[in-house]
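Student:
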Amino acid sequence: MLALIDGLPVARRQPNLLLAAVRFLGGPVEDYPAFREWVTAHWPRLHTTMLERRTQTNEPGRCATLLPVLAGLPQPLALIEVGASAGLCLYPDRYRYRYDDLPPLGPADGPVLACRTAGPVPIPERPPSVVWRAGVDLNPLDVRSAQDVRWLECLVWPGQPDRLDRLREAVRVARADPPFLVRGDLNRIVRDLVSRVPSGATPVVMHSAVLAYLSPEERDTFVTATRDLPGHWISNEAPHVLPSVAARLPRPIPRHRATFVLSLDGHPLALTDPHGGSMEWLTP
Ligand SMILES: C[S@@+](CC[C@H](N)C(=O)[O-])C[C@H]1O[C@@H](n2cnc3c(N)ncnc32)[C@H](O)[C@@H]1O
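Here the numbering used here is used: the first residue of the sequence shown is 4, the next is one more, and so on.
1. Which one or two residues does DSSP pair with Cys118 in a beta bridge?
2. Answer yes or no: do Leu158 and Asn19 have a C-beta to C-beta separation smaller than 8 Å?
3. Are the Cβ atoms of Glu240 and Phe263 separated by less than 8 Å?
4. Would you mind working out which of Tyr35, Glu62, Ala23, Glu33 sits nearest Met53, comparing C-alpha positions?
5. Residue ranges of each beta strand (DSSP E) run of no fewer than 3 residues wholly in the stretch 113 to 175, ordered along the chain?
6. Is Leu217 near ligand 1, judged by its Cβ being under 7 Å from some heavy atom?
7. On a CA-only basis, which of Ser202, His210, Thr51 is nearest Gly269? Give me that one, please.
8. Counting beta carbon pairs with one atom in the stretch 88 to 103 and one in the stretch 140 to 155, are three or more of them shorter than 8 Å?
9. Examine ligand 1 and report whether any of its heavy atoms sits within less than 7 Å of the Cβ of Leu11.
10. So the candidates are Leu170, Leu272, Pro277, Pro77; which of them puts its Cα closest to the Cα of Pro123?
11. What residues are listed by DSSP as bridge partners for Arg50?
12. Between Leu70 and the rest of its own chain, which residues show a CB-CB distance below 8 Å, the 5 nearest in sequence each way excluded?
13. In three-state terms, what does DSSP make of Thr43?
14. Touch check for the stretch 178 to 198 and the stretch 38 to 51: three-plus C-beta pairs under 8 Å?
15. So what does DSSP say about Leu272, is it helix, strand or coil?
16. Expressed to the nearest angstrom, what Euclidean distance is found between the alpha-carbon atoms of Asp180 and Tyr35?
17. Whose C-beta lies closer than 6 Å to the C-beta of Ala117 among residues of the same chain, with five residues either side of it excluded?
18. Can you tell me where the alpha helix (DSSP H) holding Pro206 begins and where it ends?
19. Cβ-heavy atom distance between Thr43 and ligand 1 below 7 Å?
20. Starting from Leu80, trace the beta strand (DSSP E) in both directions and tell me its first and last residue.
21. Does DSSP classify Arg186 as helix, strand or coil?
22. Thr275: beta carbon under 7 Å from a heavy atom of ligand 1?
23. Could you give the distance in angstroms between the alpha-carbon of Glu221 and the alpha-carbon of Asn61?
24. Please report the residue range of the alpha helix (DSSP H) in which Glu220 lies.
25. Give a single yes or no on whether Leu92 has its beta carbon closer than 7 Å to a heavy atom of ligand 1.
26. Looking at ligand 1, does it come within less than 7 Å of Ala67, judged from the CB to the closest heavy atom?
27. Give me, in chain order, the residues of the same chain whose beta-carbon lies closer than 8 Å to that of Gln17; leave out the 5 immediate sequence neighbours on both sides.
28. Pro242 and Ala250 look like a contact to me (Cβ under 8 Å); what is the Cβ gap, rounded to whole Å?
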């Protein structure tokens with residue numbers, strides 16, 4: 004298995020890409036011996052699928068950790084998501100949220116995103132007002148395409164039925180009003196998208212689980228350009244991805260902790276579960 008995986012380009016040797024490709028082609032993921040046998044027997048097809056497709060996991064649950072920051076900005080908002088995948092994180096105003104044991108907030112028919120909190124998280128009373136939304140991705144996925152949605156479903160890790168339900172609910176929300184997504188590199192497109200924001204709305208450039216796919220130089224280019232743009236910048240990424248943000252953390256993050264750092268305009272505000280299930284606010 005490892006020898007086969009070693010034959011892939013480094014960027015494609017991702018466990019979730021392998022698992023997703025096996026599921027996409029109808030292989031078993033419940034039992035390791037059966038999985039290994041299937042992978043070795045079907046490697047040429049699997050290899051092709053792993054080169055053709057990308058890790059584009061779109062996790063609407065992340066909106067639960069973005070919400071306290073979005074709701075604290077001057078309303079209404081114009082959201083520009085870079086690395087948007089199918090754009091499911093562009094609908095924070097259409098989902099319903101349950102923070103700890105508090106009464107839920109958000110539209111009654113929205114999918115429920117549960118989030119445990121620690122520290123003084125400024126839990127909003129109502130979702131933000133979003134008047135415009137757009138995204139950019141190297142390969143935008145289309146919520147109206149059955150094949151694209153199937154790939155998104157395959158990217159949910161095996162054994163996580165709750166995430167799968169949440170994804171399907173979010174796809175239903177997005178299909179009712181599909182997002183405006185531009186194909187291209189975020190560094191080439193972001194400025195143009197910000198320039199299209201309607202007057203009176205606060206531009207918010209945001210991203211989660213994206214910058215790890217860029218080289219350090221491309222990340223620097225993005226950060227420098229974004230700091231010059233009007234509006235605000237929300238980042239939700241692994242700590243090592245943006246060292247300038249991580250350097251401002253009030254305390255070091257234990258090495259074993261799988262967490263993202265949520266920041267506003269380069270200032271870290273919270274540590275967040277990478278799929279949005281919890282958040283810990285860092286500052287008073
Ligand atoms: C792991 S997904 C995250 C999707 C979404 N932000 C979320 O949190 O659910 C990363 C996405 O970033 C996109 N991406 C990676 N590098 C990019 C680049 N240079 N420009 C635009 N999109 C990029 C990928 O195509 C993929 O859809």
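Heads up, the beta-carbon is just placed ideally off N, CA and C, and yes, glycines get one too.
Tutor: In this structure, then:
1. Partner(s): Tyr102.
2. Asn19 sits close to Leu158, with the two beta carbons spaced by under 8 Å.
3. Yes.
4. Of Tyr35, Glu62, Ala23, Glu33, the residue nearest in Cα terms is Ala23.
5. Taking only runs of at least 3 residues, the beta strand (DSSP E) segments lying wholly in the stretch 113 to 175 are 115 to 121, 133 to 140.
6. Leu217: yes, Cβ under 7 Å from ligand 1.
7. In terms of Cα proximity to Gly269, the closest of Ser202, His210, Thr51 is His210.
8. Touching, yes, given that three or more Cβ pairs across the two stretches are closer than 8 Å.
9. Checking every heavy atom of ligand 1 against the Cβ of Leu11, none is found closer than 7 Å.
10. Selected option, being the one with the closest Cα: Leu272.
11. At residue 50 the sequence reads His, which differs from the Arg that was named. In the DSSP assignment, no residue is bridged to His50.
12. Pro95, Tyr100, Pro127, Pro130, Pro131.
13. Of the three classes helix, strand and coil, the one that applies to Thr43 here is helix, per DSSP.
14. Under the three-pair Cβ rule at 8 Å, the stretch 178 to 198 does not count as touching the stretch 38 to 51.
15. In the three-state scheme derived from DSSP, where H, G and I count as helix and E and B as strand, Leu272 is classed as strand.
16. Approximately 40 Å, taken between the alpha carbons.
17. Answer for Ala117: Arg101, listed in chain order.
18. Element bounds for Pro206: not the alpha helix (DSSP H) but the beta strand (DSSP E), 205 to 211.
19. Because no heavy atom of ligand 1 lies under 7 Å away, the Cβ of Thr43 does not count as near it: no.
20. Its beta strand (DSSP E) spans residues 80 to 85.
21. In this structure, DSSP gives Arg186 an extended state, which the three-state scheme calls strand.
22. Not under cutoff, so the answer is no.
23. Near 22 Å, if we compare the C-alpha coordinates of Asn61 and Glu221.
24. Looking at the DSSP string, the run of the alpha helix (DSSP H) that includes Glu220 is 219 to 231.
25. The sequence as given places Cys at residue 92; Leu does not occur at that position. Checking every heavy atom of ligand 1 against the Cβ of Cys92, one is found closer than 7 Å.
26. No; taking the cut-off as 7 Å, the Cβ of Ala67 has no heavy atom of ligand 1 nearer than that.
27. Closer than 8 Å at Cβ, skipping near neighbours: Thr58.
28. Between Ala250 and Pro242 the Cβ distance is about 10 Å, and since that is not below 8 Å, they are no contact.
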